[in-house]
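Asker: Okay, handing you the structure first.
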Amino acid sequence: MEGPTSKPLSYDALKSVIKSMSVETRHELHTYLPSLRVTNSLLPYAMKRVRIMRKEVSINDMSWSFGFRSEKSDPNQTTVSFYDRISVKRTPNFPVKKSLETAVEQCFNVYCKDGSIIQDLDLCRVPKFLCERDGGLKLSISRFQTYGVNVDDIDYFIRFMDLDKLERVHLTISRERDAPSEKEFGMLEKPVFINCKELYLKINIHRELPINYFFDLRNETLVLEHDRLCVNDLQKLIENWKTSDRPIGTTFCFVSYDGDVPITKMLNRLKLQYHFPVYVSCDSTEQIKGIGMKMDEHRNLVLYLGKHQIRTKTFSALKMEVMERGLEEKNEITRPCTSA
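Under the numbering used here, think of the first position of the sequence shown as 13, with each following residue one higher.
Encoded structure:
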């Protein structure tokens, strides 16, 4: 007797299988199964990491570098090289008869299709071709990091993001020469940054912050990395939070690179009315004395000295959190340490 024969997958089932494959596996599919190349090329990708720079596109552990041919002045003569971080192998530069922008666009289009899923995306610039594109692209991005992007260009990229899937934003604000505050901090007026669930701000400007830009932020978690936070600015931020409708669980974290001392000094110098002591247990290992303030009949605002982890390093941090009322009665609440 002949054994049962397996049925081939339907086209829809085949598409589902291919879409679930890693980028690397789909590369092998393209190489070894020519009959599936067309189907494979039409489907969106699921990627762990994507980085977009002016002359480089990185996908997971692979990167494509673009440049101009040194012996040619023709703008339509570009070189491309491919680097695999796992095998640590790089191809020689090979020429293509395209402009640099067109070459980058074609590489982008292969992977970042409508419906593609990206866990982490680093955006170093908004390519010109995306600024000029009308639509037809929606990317599902979980964590978005951007630095050095012009505030006037960021909207061109945001329109291609599925904001319902966005969980965390890492935003670096750096000094622009002779730029006013509204130019440097204009990113904080964008709805995508105001309302994202988690906003991690790294500010590379060595002067006092225009704290008013922080008043309208409605992130569930707001983390600030800066060389200093003035007591007066912290006082204003506290008053803003006390009179706001921020829900229970909303947290602000200021990371100190100089240990506990600056935070302790800030807390001691605050001029607060109608406050009371509370004790916060971090990971149930130690109790930290904090400051509680009543917001309304259901919420308290609590400040305390905690910890914040950035990659493998742990830093002292000023924590401010909206908590459920009743702390002054039970005088203790347990909170986990947070990390970036």
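Backbone N, C-alpha and C define an ideal beta-carbon position, used for all residues, glycine too.
Going straight from the alpha carbon of residue 190 to that of residue 163, what length do you get?
Answerer: Per-residue confidence for residue 190 stands at a pLDDT of 48, beneath the threshold of 50, marking its modelled position as unreliable; the derived number appears in the next sentence. The straight-line gap from Cα to Cα measures roughly 15 Å.
Asker: Could you tell me the boundaries of the alpha helix (DSSP H) in which residue 278 lies?
Answerer: Segment 273 to 281, the alpha helix (DSSP H) holding residue 278.
Asker: Which whole-angstrom value describes the C-beta separation of residue 250 and residue 336, a residue pair presumed to lie in contact below a C-beta threshold of 8 Å?
Answerer: Not quite, the Cβ-Cβ distance comes to about 18 Å (not below 8 Å), so this is no contact.
Asker: Rounded to whole angstroms, what is the Cα-Cα separation between residue 317 and residue 333?
Answerer: Taking the straight line joining both Cα atoms gives about 12 Å.
Asker: Do residue 227 and residue 267 have their C-beta atoms closer together than 7 Å?
Answerer: Going by C-beta atoms, residue 227 is not nearer than 7 Å to residue 267.
Asker: Please report the Cβ distance between residue 291 and residue 301, rounded to the nearest whole angstrom; I am assuming they are in contact, meaning their Cβ atoms lie under 8 Å.
Answerer: The pair is a contact, with the Cβ atoms about 6 Å apart (cut-off 8 Å).
Asker: Counting only the same chain and skipping the five closest in sequence on each side, list residues whose C-beta sits under 8 Å from that of residue 244.
Answerer: Excluding residues within five positions, none has a Cβ falling inside 8 Å.
Asker: Closest to residue 73 by CA distance: which of 53, 43 and 39 is it?
Answerer: Minimum Cα distance to residue 73 is reached at 39.
Asker: Can you find a C-beta in chain C that's less than 7 Å from the C-beta of residue 143?
Answerer: No chain C is present in this structure, which holds just one protein chain.
Asker: Output the boundary residues of the alpha helix (DSSP H) element that contains residue 24.
Answerer: Start and end: 23 to 31.
Asker: Alpha carbon to alpha carbon, how far is residue 71 from residue 33? Give it in angstroms, no decimals.
Answerer: C-alpha separation (whole angstroms): 14 Å.
Asker: Which residues mark the beginning and the end of the beta strand (DSSP E) in which residue 265 is found?
Answerer: First-last of the beta strand (DSSP E) with residue 265: 263 to 268.
Asker: Ignore the nearest five residues each way along the sequence and tell me which others in residue 112's own chain have a CB closer than 6 Å to its CB.
Answerer: Closer than 6 Å at Cβ, skipping near neighbours: 78 and 90.
Asker: Quick one: grab the DSSP three-state call for residue 244.
Answerer: Helix.
Asker: Could you pull out every residue in the same chain whose Cβ sits closer than 7 Å to the Cβ of residue 108, ignoring the five residues on either side in sequence?
Answerer: So the list reads 90, 92 and 115, once near-sequence residues are dropped.
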